[in-house]
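**Student:** Residue numbers 1006 to 1624, in our numbering, belong to the letters of the sequence shown in order. Every residue gets a Cβ at the ideal spot worked out from N, C-alpha and C, and that includes glycine.
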Amino acid sequence: MNGIDRDAHAIGTLLREGRDDEARTITAAALAAGRDSDAVLAFAGLLYARAGDAARAAVHLEELLRRRPDDRATRLNLAGAFIALELFDRVAPLLAPLPADPAVDRLAAFAALRGHDVARARELYHRLLGVAPRDADSWANLASAEMALGDHAAAVAALEQAITINRRDTRFYLALADVLGRAGRPADRLRVMNDAAAIAPDATGVQLALGLAQAAAEETGPAEQSLRRAVALMPDHPAAYLELGLLYETQNRLDELDALIVDAGDRLGAELGLLRAWSAFRAGNLDEAAAIARTVPDTISDLRRCHLLAQLADRRGDPASAYALFERMNADSVRGAPLPEGPTYRETVLASIETLRAMPPAVVALQDDDVPTPTFIVGFPRSGTTLLDTLLGQLSDTVILEERPLIATIEREIEARSKNGQLDTEMVGLFRQRYVALLEQALPGASSRRIVDKHPLHMTRIPLIHRLFPAAPVILVERHPCDVVLSCFMANFTLNRAMRSFVNIEEAALTYDAVFTAWHEAERRFDMNVLRVRYERLVSQPEAELRRITDHIGAMFTPDILDNVAAAKVRGPARTASYSQVTEPIYQRAVARWKRYRRQLEPVLPILAPWAERMGYEV
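#1: Under three-state DSSP, which class holds PHE1381?
#2: By Cβ distance below 6 Å, which residues in the same chain neighbour ALA1158 in space, the five residues on each side in sequence not counted?
#3: Are LEU1247 and ILE1266 touching if we call contact CB-CB under 8 Å?
#4: Label GLU1229 either buried or exposed according to how many other C-beta atoms from any shown protein chain fall within 10 Å of its C-beta, with 16 as the threshold for buried.
#5: For the beta strand (DSSP E) holding ASN1509, just list the boundary residues, first then last.
#6: With a CB to CB cut of under 6 Å and the five nearest residues on each side skipped, what residues in its chain are close to PRO1206?
#7: What residue ranges within the region 1442 to 1529 form continuous beta strand (DSSP E) runs of no fewer than 3 residues, ordered along the chain?
#8: Which first and last residues belong to the beta strand (DSSP E) in which LEU1406 is found?
#9: Taking 8 Å as the cut-off, decide whether the C-beta atoms of VAL1211 and THR1175 are in contact.
#10: Could you say which of ARG1234, CYS1487, ASP1375 lies nearest to ALA1514 if we only look at CA atoms?
#11: Check for me: the beta strand (DSSP E) holding LEU1536 runs from which residue to which?
#12: From ALA1704 to SER1388, what does the alpha carbon distance come to, in whole angstroms?
#13: With a threshold of 6 Å on Cβ separation, who are the neighbours of PRO1615 within its own chain once the five nearest residues in sequence on each side are excluded?
#14: If you draw a straight line from the C-alpha of SER1306 to the C-alpha of ALA1180, how long is it?
#15: How many Å lie between TYR1584 and GLY1347 at the Cα?
#16: Buried or exposed: where does GLY1398 fall if 16 or more other Cβ atoms within 10 Å of its Cβ makes it buried?
#17: Assign ALA1124 to one of two classes, buried (16 or more other C-beta atoms within 10 Å of its C-beta) or exposed (fewer than that).
#18: Beta-carbon within less than 8 Å of GLU1165's beta-carbon, same chain only, minus the 5 sequence neighbours each way: which residues are those?
#19: For a quick check, are the C-beta atoms of ALA1327 and THR1300 less than 8 Å apart?
#20: To the nearest angstrom, report how far apart ARG1309 and VAL1376 are at their CA atoms.
#21: Using the C-alpha atoms, what's the distance from ALA1060 back to GLU1512?
#22: Does the distance from the CB of LEU1213 to the CB of ALA1237 come in under 8 Å?
#23: Assign PHE1531 to one of three DSSP states: helix, strand, or coil.
#24: By Cβ distance below 7 Å, which residues in the same chain neighbour LEU1610 in space, the five residues on each side in sequence not counted?
#25: Using only the alpha-carbon positions, how far apart do LEU996 and LEU1330 sit?
#26: With DSSP as the reference, label THR1304 as helix, strand or coil.
#27: Residue range of the alpha helix (DSSP H) that ALA1137 falls in?
#28: What residue range is occupied by the uninterrupted alpha helix (DSSP H) comprising ASP985?
#29: Give the straight-line distance between the Cα atoms of ARG1454 and ASP1337, rounded to the nearest whole angstrom.
#30: Of the choices ILE1480, LEU1411, HIS1312, LEU1435, whose alpha-carbon is the least far from that of ASP1373?
#31: Rounded to a whole number of angstroms, what is the C-alpha to C-alpha distance between ALA1363 and ASP1458?
#32: I need the straight-line Cα distance from SER1423 to GLU1416, nearest angstrom please.
#33: With a floor of 4 residues, list each alpha helix (DSSP H) that falls wholly inside the region 1024 to 1085, ordered by position along the chain.
#34: For VAL1587, which three-state DSSP category applies?
#35: Spell out a yes or no on whether the region 1102 to 1120 and the region 1130 to 1138 are touching, meaning 3 or more CB-CB pairs, one atom from each, closer than 8 Å.
#36: Going straight from the alpha carbon of GLU1420 to that of ARG1437, what length do you get?
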């Protein structure tokens, strides 16, 4: 046996015995001595790949491939090294000479996926799964390709296949929950994470993902419990602390946020600066908050980092920086929530206007039943509806429905039942009773009290509301259109179909135009019981404005309803983007804020100015 053969024999023996370190030592010595036989090069590629040194593995495998260009195993091993080195564009040419089979397609598909050639990745995964349908990891990777291509349904189906194949692998549940969250399906997301927690409650990331799913489904109590458990299971993982801290911040539980920061200490790195900065911001220490926020690393998403930095820039009088940061925040928000299928929210509003204009005039009769008549608060988002419902929540024997989907649910049920969406008298009676049933599901006992149903964009559902409740008092909250649209653009909304309208300032302005066109068309056609309330008067002359409102809804004004700080403590965390403002005393800093951003708003002033002038505002 010559020296080269002895090298290969010794390396092979050590590999079979699991003695990789010794095998690498002999391999390195052989190569240094020039004994680089094909077998030694093959062993070198394998050993360095196992050790995580893909660069050295690739050097030896490329030399071996130069000598043996027809060797399939060498091409596959070198492809694996290129993937580890993120040289994804070199994988397809390397594998091209090989006939298609599962091993080849698996590498080629993964490289295409990681190299952002997602259409090719999807094609390859479909081919692979046609012959290897039990490959759960490939189903999961196919889901990633489908998501990148915007096909949520296909991504969900692929991950469900992966779970069917391997029901105990929580990776697939976590991936499916993420897809469902991005697709705006919080109930399904929570169901998946409940299943994962039942299988492996202590698996890495399960309690964290469960807590996030519960929070998205507005189950804040269980969410807190899950996130606390995630902190206990992952005490050195900043994500668990971050999510629990941000939950406390959105619930205005600032003392508990500060206690969590103390508990985390300095061991979790700069990411926890986000919580420290929020704590300082909420305490009004703007300079301290800004100094901390600038140290938050870019491992924290732009959505979160720029949201805070933008608010700080706004409050510290730097509108140019603030606007640019809000743009970055919104861009990151869109990246995390692909465009849903179907028409945009504005397109649905425009279609509803045409439908309304085509409807024949009709007199709506009152119903003789025992269904209570709600008061409806509407207005464009960020007009002050949350401030108003917080104050009215202080009224005796009054229940506030804060953006609950009762009317939207009834609208869907009517569309499913009636071809043209029209209601006869019998159906009106049935759906009035349905409203009460949904109300009692949401807030047991509410139907025996004064009902205030606040949902800003229900101003586009006035035809249905008036058909069901023709005598209902309606309160339209108005605010300067430029302030409203700017505030929507600045808000860190959860992106459903409607809220996507506000990530771009032009789309926000066009949506405002469509929504108010729908409102005025409905007001022109129906004999509505409407009171217009001005945000600017509500914050500057709250008592006078609230006396008008209580008269309108048949309630008795009492001075205690002016204390919105006390009201916010009673009502608990707001379900809207205004959660932090409702805990502050009534302030006027947001009045005419748009003037500081006039340069940024110039492109949309032609859209908004006619509405401002119609309402008597200056532009």
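**Tutor:** In short, the structure shows the following:
#1: strand
#2: none
#3: no
#4: buried
#5: Element bounds for ASN1509: n/a, residue is neither H nor E.
#6: none
#7: 1455 to 1459, 1478 to 1483
#8: 1403 to 1407
#9: yes
#10: CYS1487
#11: 1534 to 1539
#12: Only positions 1006 to 1624 of the chain appear in the structure, and residue 1704 is not among them; the question remains open.
#13: none
#14: 19 Å
#15: Below a pLDDT of 50, predicted positions are generally treated as unreliable, and TYR1584, at 47, falls in that range; the measurement from the model is reported next regardless. Approximately 31 Å between the Cα atoms of the pair.
#16: buried
#17: exposed
#18: LEU1181
#19: no
#20: 44 Å
#21: 48 Å
#22: no
#23: coil
#24: VAL1624
#25: With the chain covering only 1006 through 1624, there is no way to say anything about residue 996.
#26: coil
#27: No alpha helix (DSSP H) holds ALA1137; DSSP gives it neither H nor E.
#28: A query on residue 985 cannot be resolved here, the shown segment of the chain reaching from 1006 to 1624 and no further.
#29: 43 Å
#30: LEU1435
#31: 28 Å
#32: 10 Å
#33: 1025 to 1037, 1043 to 1055, 1059 to 1072
#34: Because VAL1587 sits at a pLDDT of 48, beneath the cut-off of 50, its placement in the model cannot be relied upon, and the following sentence gives the value as read from the coordinates. Residue state, collapsed to three classes: helix.
#35: yes
#36: 16 Å
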